[in-house]
Amino acid sequence: GHEFVGEIALLGPGMEASGMKVGERVLSEQIVPCNDCRYCKRGDYNMCIPHEIYGFRTVVPGAMATYMIFPKDSLTHKIPKSLDPFHAVFAEPLACAVHAVNRANVGLNDVVVVSGCGAIGIGAIATARMKNPAKIIALDLYNWKLQLGKDSGADVLLNPKQLDVVAKVKELSGGYGCDVYIEATGHPTSVVQGLAMIAKKGTFVEYSVFGEKVTCDWTTISDAKELDVKGGHLSPGTFQTAIRMLNEDCG
86 GHEFVGEIAL
96 LGPGMEASGM
106 KVGERVLSEQ
116 IVPCNDCRYC
126 KRGDYNMCIP
136 HEIYGFRTVV
146 PGAMATYMIF
156 PKDSLTHKIP
166 KSLDPFHAVF
176 AEPLACAVHA
186 VNRANVGLND
196 VVVVSGCGAI
206 GIGAIATARM
216 KNPAKIIALD
226 LYNWKLQLGK
236 DSGADVLLNP
246 KQLDVVAKVK
256 ELSGGYGCDV
266 YIEATGHPTS
276 VVQGLAMIAK
286 KGTFVEYSVF
296 GEKVTCDWTT
306 ISDAKELDVK
316 GGHLSPGTFQ
326 TAIRMLNEDC
336 G
């Protein structure tokens, strides 16, 4: 219940100053920050210590209900009337994907690999496309999901069940490997695969939740390739970008 769009039914005391009105369509970011811990105070509210997320904590119940309450510290955004709510609800995963791509610092000459064409992966492909890198390569085990990757802006589609994707990515990059690898599957194999195909001095962004531990050779990260490995969590400061992207494509 942390991906939702709703219509304002009632404003609490003092909320008139927010500029929001009853009847307007809004959404709230998935986290309700405390605004008091050191992470919130320096702008990294996605790392908030209490970490209240809709549907995951009893303090902020989720959206699987007819009505829900946005707390006073909620990060609420208006949805344009031109944007269908069934499209607007995708703002949450897309905002996460925007954060993942921002963490990658994609350059114009980069070869970018996005592993996994689920909601985060196709959002990352669409966002990376806006950065105009040299090449975007989508990886997935299902061809129908790869087609979604193509529709979102991928230049090359590769299925690890059908070919050696490490060798193919190196072939497509002049033997060097990809400059950016965004891991969006949550499967250990994708991590090992990414470390094998990424170029020296490359950037590896991990944006997944895993169900099991990952074992890999950390020498690859340090002595062999001197990689930048970055994590990604939630979507700090990216909801407005996601809403704009959706409105431009779907509004």
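To convert a position in the sequence shown, counted from 1, into our numbering, add 85.
All C-beta atoms in this analysis are idealised placements derived from N, C-alpha and C, irrespective of residue type, glycine included.
Computed from a predicted structure; not experimentally measured.
| Item | Value |
| --- | --- |
| Candidates Met100, Ile116 and Ile207, of which the one nearest Leu160 by Cα | Ile116 |
| Status (buried if at least 16 other CB within 10 Å, exposed otherwise) for Thr151 | exposed |
| Cβ-based burial, Cys335 [other Cβ within 10 Å; buried from 16] | exposed |
| Contacting residues, own chain, Cβ-Cβ under 6 angstroms from Arg214 (five flanking each side not counted) | Gly238 |
| Nearest candidate by alpha-carbon position, reference Ala176, set Gly262, Asn228 and Phe89 | Phe89 |
| Ala219 - DSSP class collapsed to helix/strand/coil | coil |
| Span of the alpha helix (DSSP H) around Thr288 | Segment Ile283 to Glu291 is the beta strand (DSSP E) holding Thr288; no alpha helix (DSSP H) there. |
| Candidates Leu312, Val196, Val299 and Lys315: closest to Glu256 by CA position | Val196 |
| Thr304 to Gly260 span [Cα, whole Å] | 20 angstroms |
| Beta-carbon separation (whole angstroms), Ile210 vs Ile221, contact threshold 8 angstroms | 6 angstroms |
| Residue of Val111, Val294, Glu92 and Ala252 minimising C-alpha distance to Ile164 | Val111 |
| Supposed contact pair Gly147 and Gly86 - C-beta distance, whole angstroms, cut 8 angstroms | 2 angstroms |
| Proximity of Ile269 and Gly203 at Cβ, strictly below 8 angstroms | A small correction: the amino acid at residue 269 is Ala; Ile does not occupy that position in the sequence shown. Closer than 8 angstroms, so yes. |
| Inter-stretch contact at 8 angstroms, needing at least 3 Cβ pairs: the segment 322 to 329 / the segment 292 to 300 | no |
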